[in-house]
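For reference, the structure discussed in these notes is given below.
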Ligand SMILES: [Mg+2]
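Numbering (my numbering), first residue to last: 14 to 390.
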């Protein structure tokens, strides 16, 4: 082993809450803010790296569990270590803690942020290079008050946003069809419409419902049924023409391998919070590529720290054609807490510049939104 030039000597977890501008509704419940655990690693050479765990309780877990996983269970395995030993350290934490992919995503991101600063490369460059430095942005239409959503869409249309994902299944089928009809009538073929049920349909009735949507030419229909209803999801994929996307049903590489074998969906939604980091998402993407399954870059309710990590992932993926949904910090949260802010313009997220992650929390914004600091020495 070579002698480490940098040693991790600081490990702090900042638990933050950033309120939303408006509540978003989904097939799995309402969300009115971002709850995240931000990990700050520092080295004996004066470098600081950041990562984020943003769980969603109905989807992956809780912020309390993420903070405890980082602070209590992962911290002892990271302090004193060389931050460029990413694969070995992530292997160690996988062996001492089952699950908790968001906490592992936060740790991996902070290690990659440090490694990039040491190497003088961005995270996307370290992931093999930059296939694109801007990614088309999809905004989620998820307000129970559809008139408010129409106002949002009109405003975002002026900003150049052309992709809109309707969150469906939280009210009734007639409401969902009405919203699709209105948006298609108002914006014609210029608008890209997507649909996400967040597991909201009954498996025994899903094919009939999804077939009704096809008249509105959605790009895809995401996760119509429950996470564990894998056979039903594969049957829907086979029965309908519109591409079906697996989100809750495909977390990491094990789900992806099984999902590729059973053709559970036409597209996988990649999320660093599900897979446990950028490199695990690249592994899921490789499985998808081998199986002829498309990929898309989704997210949880995140600050710009996790969005930036997702943007590096998206930038490194040559086959990404469906865009991403890193809109939270620009259009959902009441504040973007990083400096610089995540670059969003003309309907696109742009790759942050500089070595490593390229963004870090603004100290004042962090202090304003912090609920708790875990920093046991
Ligand atoms: Mg989804």
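Even for Gly, the Cβ is constructed at its ideal location relative to N, Cα and C. Everything numeric in this text was worked out from a predicted model, so none of it was measured.
query                                                                                                            : result
Contact between the region 297-304 and the region 338-358 (3+ Cβ pairs under 8 Å)                                : no
Selection from 268, 374 and 363 that minimises the alpha carbon distance to residue 51                           : 374
Whole-number beta carbon distance between residue 305 and residue 312, since they are thought to touch under 8 Å : Actually they do not touch by this definition, with Cβ atoms about 25 Å apart.
Contact test: residue 279 Cβ vs ligand 1 heavy atom, cutoff 8 Å                                                  : no
Identity of the residue in 64, 185, 347 and 241 nearest residue 286 by Cα                                        : 64
From 26, 16 and 21, residue whose alpha carbon lies closest to that of residue 380                               : 26
Secondary structure of residue 154, DSSP reduced to three states                                                 : strand
Closest Cα partner of residue 87 within the set 106, 71, 115 and 273                                             : 106
9 Å Cβ cutoff met for residue 127 and residue 289                                                                : no
N- and C-terminal bounds of the alpha helix (DSSP H) containing residue 318                                      : 317-329
Any non-hydrogen atom of ligand 1 closer than 8 Å to residue 397 Cβ                                              : Residue 397 lies beyond the range of the chain shown here (14 to 390); nothing can be said about it.
Coarse secondary structure for residue 339, derived from DSSP in three states                                    : coil
Element boundaries [beta strand (DSSP E), containing residue 392]                                                : This structure leaves residue 392 out entirely; the chain is present only between 14 and 390.
Heavy atom of ligand 1 within 8 Å of residue 147 beta-carbon                                                     : no
Contacting residues, own chain, Cβ-Cβ under 8 Å from residue 263 (five flanking each side not counted)           : 269, 272, 277, 278, 281, 282, 287 and 297
Own chain residues within Cβ distance below 6 Å of residue 66, not counting five before or after                 : 50, 79, 115, 116 and 119
Boundaries of the beta strand (DSSP E) in which residue 45 is found, first to last residue                       : 42-56
C-beta contact flag for residue 365 and residue 325 at 9 Å                                                       : yes
Contact set for residue 43: own chain, Cβ-Cβ below 6 Å, skip 5 residues either direction                         : 36
Buried or exposed by the 16-neighbour rule on C-beta atoms within 10 Å, applied to residue 180                   : buried
Cβ separation of residue 332 and residue 362, assumed to be a contact under 8 Å, to the nearest whole Å          : Wrong, their Cβ atoms sit about 18 Å apart, outside the cutoff.
Classification of residue 141 by the beta-carbon crowding that lies within 10 angstroms, buried from 16 upward   : exposed
Test item: CB-CB of residue 20 and residue 94 under 9 Å                                                          : yes
Residue 188 versus residue 195: straight-line alpha-carbon distance, rounded                                     : 11 Å
Any non-hydrogen atom of ligand 1 closer than 8 Å to residue 265 Cβ                                              : no
Option in 238, 227 and 337 with minimal Cα separation from residue 145                                           : 337
Cβ pair residue 210, residue 171 closer than 9 Å                                                                 : no
Proximity below 9 Å, CB of residue 16 to CB of residue 382                                                       : no
Distance, residue 130 Cα to residue 223 Cα                                                                       : 47 Å
CB contact flag (residue 243, residue 205, <9 Å)                                                                 : no
Cutoff 6 Å; reference residue 84; Cβ partners in own chain excluding five residues on either side                : 26 and 387
Best match in 53, 103, 165 and 81 for proximity to residue 34 [C-alpha to C-alpha]                               : 165
Segment limits, alpha helix (DSSP H) that includes residue 391                                                   : For residue 391 there is no data in the structure shown, the boundaries of the chain being 14 and 390.
Separation of residue 155 from residue 190, as counted between CA atoms                                          : 14 Å
For residue 143 and residue 12, believed in contact at Cβ under 8 Å, the rounded distance                        : The first residue shown for the chain is 14 and the last is 390, placing residue 12 beyond what the model contains.
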